[in-house]
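Numbering (the UniProt record's numbering), first residue to last: 1 to 1105.
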């Protein structure tokens, strides 16, 4: 009955890949001995044990089948092999597993009447033949003729079979103890298990492994356990069986490692194992670490994977590779796991157990299942399978010939397919892949070295030329495949994918070499400097210094360094900081030659006046690095005149003294105004540049501005009389400013106005030279910023791209001012006196005596005509009477939209006449000006009073545990049957001073139960009811209030308040008052809330549904 549900028997499994390892064969033999012991203890004899009658699961758990005690004859004739072939050789292999004593013609003739009796020793002999066959790689120990020879003592099985096939003396002795000719000399299963414990079978088989796997087999299945004679289950019950078993292994991981003495290195170097086992191993921890090895695991720690060769030398269980048993179970269950979270745990377990098996088994037994997960529909599973694949391959240090071409023939084609199938979506997977690509290149390079070294050491291969040619072709295929992957990531549309590649790109550059890196990688990277995303530019600049070291000085000077200098004027200051940091690193390594020092100093030294502290500090560090590279004569004669104007006095050339005597930088407001001026300047001499053919050492045109000397030649200024009028209209010779080198800079009337603005925001006349020094940097920076459509100064019609953001106000020349907001309810604000200033207020309220008419009463006004609300229009029923009384005060009236209007706060409250309307609030501010744009800006602030100020929610309730309530834990107080036959769908308990229970049913009925009365046994019925007219899905309490929210399947969310009063010493419940009500379906959403939670604090009150 069971055979049809299992694909393979033990005979078939011996010829299937991956081939069984020694530890797996031992575990199979151990299982068979235990299984035979169990049936013998029940006085059951099998009668036909052979490899075809032992069924094997995909993870090598054995099932003994086809019991033949009452079907097949016990004895066979010695002179008629046909009987044997008919009953016991259905496979036609002529293999014999029967005990010699069963071939007895006399007993066969006698057995026709009583059929004889099978003995346990016969099963022991058959099992001995099976064990010998599985350890001989499928070669049977006896065929029929050999068995007859063995019976007649003419076949020496030890010399002719066991010595040839088995190297282990203990294994040969085990088989001999089971196939003795004399049945009385054959050991029983118990005796065999006890004799060979710790000799042939590892001790952990007895103490842990066998019992643990037997529990996994019987877990949630129909196998009778715990003294049950029978049980049942359906296929539907077993859908998540493998999820549960994998979760169990994940939870028990620490226990498994402890029982098997697996050494675990936690993040930080701590070893979680017994000290006697790994005392000498602690020294080798640092050697065993490699890339991408940290894995999170239960008990809140991270594991560092190790090399198998380092661990196996110290730990016997690792040397025997008993982790293969767990790997086999996990790998064959991964495709049948339903839950994504469990699949992720399975992958992590496989990666960790893989460190305790040999390199050959890592590739043959673990890697294919990681690759199989590439086809999973969940990108988290795909990403983790990729990560674990690289982690396992990183620890491989040996390759056999079968796995030499694993990348070209197997892995890289599947990795390409994985990338192509997820190109349009699954950004997370591409990010992980891009970040791991360099690690993959390292592994590929190491595998090439292993293969080449193996071929060179192979004495049978004499033709080194053929080796070199095949190796060259293989390398070319590898490089081309990795190049295709790299270009795909370099040109990806997602910025984060490019950033992930940049974070670990140096090993990839090393893999390609200098020439290919220039052609493939650098040609794409330089385009990133023009990318809109500043984060990508920062990532590139942080990486570029390492790439420069790899590519050498020629590439640095011709391509990289000019781009870095150009990027100093980037509009994002974080990018500028990264450029300066990279320049500092390049100076420190000595890659930049002296001929560039002066130009870099002239470009960066004005940044000592920049308002950003980090920019100033890194600029100073660059100057110090340049000083350390130059001689004293070069420092004082060439560099010092460039940097001296930016320091208060002469100082020592070290960071501490130089940073302390730097002149004060310009403020942020001054810098922003300077950028605005550079973009807006039209009739200006301050920003007037001189056309020059001079270029710096990087090939960039030098920027030179007009001076008084130049303008006197070109515009007719008189050098002698600086106060006389110029012939140029709009220019006054007295309107000049001085640079740090005392050059006069002419100003137009427009320039003078801008200078006055600088004075207004705090820049003194003696500090004007600072903005002159920053001109060259700002004009380049502003040019880059102006090219950005988001730059606010390049277009007077600029509007922010982000919707619902406050209006863009250009307040550059306005000093900051504090504005205070006041929030109060309309009922309160109108009673404080009508002589108050109403200029910044909008006062309105509902007339509670006329709730149904939606009328508005305006304070201080006479009776207005009646207003009808019809479909959002206001219709006056009677003619209004004109007001003739003079009034010097302004009256502001806001007409509220109807409940049908989408912007109305009561929108969605159709047919809710019993809902108490929300009270209106008045928000006023202390602004007294009349600037429309400021008023518009202030109106964008949405300010509401805290929930405690809304009277309809009642007073704040303190959470108090009443001494009369007693302890409710573990004791049945009452059984409330009032809701029968309707089911309760949700419930909640008020923790306030008056505790009560709230229940909601599938009929939409809310019931309030007085817990005090129920506990003392006075009543067992509800105190209040409220009909929601639809099935209740969730009830949640409003914290600190006698109110709760109810959601129902018709899309309604209702907030109810429980009103109660004190009568003598008793609490009486009055009613449930609906204070808020909204219908989600009125917002065009055909859905309803299934979960809700309320959050209340001093600043904000939220109901999340």
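Think of the CB as a built atom: it goes at the ideal place given N, C-alpha and C, for glycine as much as any other residue.
Rounded distance between the beta-carbons of residue j and residue i, thought under 8 angstroms
i, j, result
"residue 383", "residue 432", "4 angstroms"
"residue 427", "residue 497", "7 angstroms"
"residue 80", "residue 51", "At roughly 25 angstroms, the Cβ-Cβ gap does not stay under 8 angstroms, so residue 80 and residue 51 are not in contact."
"residue 322", "residue 209", "7 angstroms"
"residue 991", "residue 1012", "With a Cβ gap of about 14 angstroms, residue 991 and residue 1012 do not count as contacting."
"residue 129", "residue 142", "6 angstroms"
"residue 1075", "residue 1057", "5 angstroms"
DSSP state of residue i mapped onto helix, strand, coil
i, result
"residue 1009", "strand"
"residue 1068", "strand"
"residue 985", "strand"
"residue 8", "strand"
"residue 338", "coil"
"residue 746", "strand"
"residue 98", "coil"
"residue 322", "coil"
"residue 613", "helix"
"residue 663", "coil"
"residue 690", "strand"
"residue 1073", "strand"
"residue 899", "Confidence in residue 899 is poor, its pLDDT being 40 and thus under 50, which makes the residue's placement unreliable; the coordinate value appears in the next sentence. Looking at residue 899 - three-state DSSP - the assignment turns out to be coil, as it is neither helix nor strand."
"residue 380", "helix"
"residue 1098", "coil"
"residue 943", "coil"
"residue 821", "strand"
"residue 581", "helix"
"residue 568", "coil"
"residue 436", "helix"
"residue 952", "helix"
"residue 705", "strand"
"residue 420", "helix"
"residue 454", "helix"
"residue 448", "helix"
"residue 156", "coil"
"residue 1026", "strand"
Separation of residue j from residue i, as counted between CA atoms
i, j, result
"residue 545", "residue 587", "10 angstroms"
"residue 83", "residue 105", "11 angstroms"
"residue 1006", "residue 1099", "31 angstroms"
"residue 25", "residue 134", "7 angstroms"
"residue 457", "residue 346", "39 angstroms"
"residue 160", "residue 167", "13 angstroms"
"residue 35", "residue 64", "8 angstroms"
"residue 844", "residue 822", "Low local confidence applies: a pLDDT of 35 at residue 844 is under 50, so the model's placement there is unreliable, with the coordinate-based value given in what follows. Looking at the two C-alpha atoms, the distance is approximately 16 angstroms."
"residue 535", "residue 499", "8 angstroms"
"residue 212", "residue 261", "16 angstroms"
"residue 594", "residue 376", "57 angstroms"
"residue 590", "residue 576", "21 angstroms"
"residue 670", "residue 517", "44 angstroms"
"residue 349", "residue 207", "22 angstroms"
Per DSSP, cross-strand counterpart(s) of residue i
i, result
"residue 1093", "1104"
"residue 1000", "986 and 1006"
"residue 738", "744"
"residue 1063", "1066"
"residue 1052", "1079"
"residue 1043", "1057"
"residue 166", "For residue 166, which the question treats as bridged, DSSP gives no partner whatsoever."
"residue 143", "95"
Cβ of residue i within 8 angstroms of any chain B Cβ
i, result
"residue 705", "Although the question refers to chain B, the structure presented lacks it and comprises just one protein chain."
Every unbroken alpha helix (DSSP H) inside the stretch 169–225 [4 residues or more]: 169–178, 189–195 and 210–218
Uninterrupted alpha helix (DSSP H) stretches inside the stretch 484–556 (no shorter than 4 residues): 495–502, 506–516 and 534–551
Alpha helix (DSSP H) segments (min. 4 residues) lying fully within the stretch 603–659: 613–629 and 640–643
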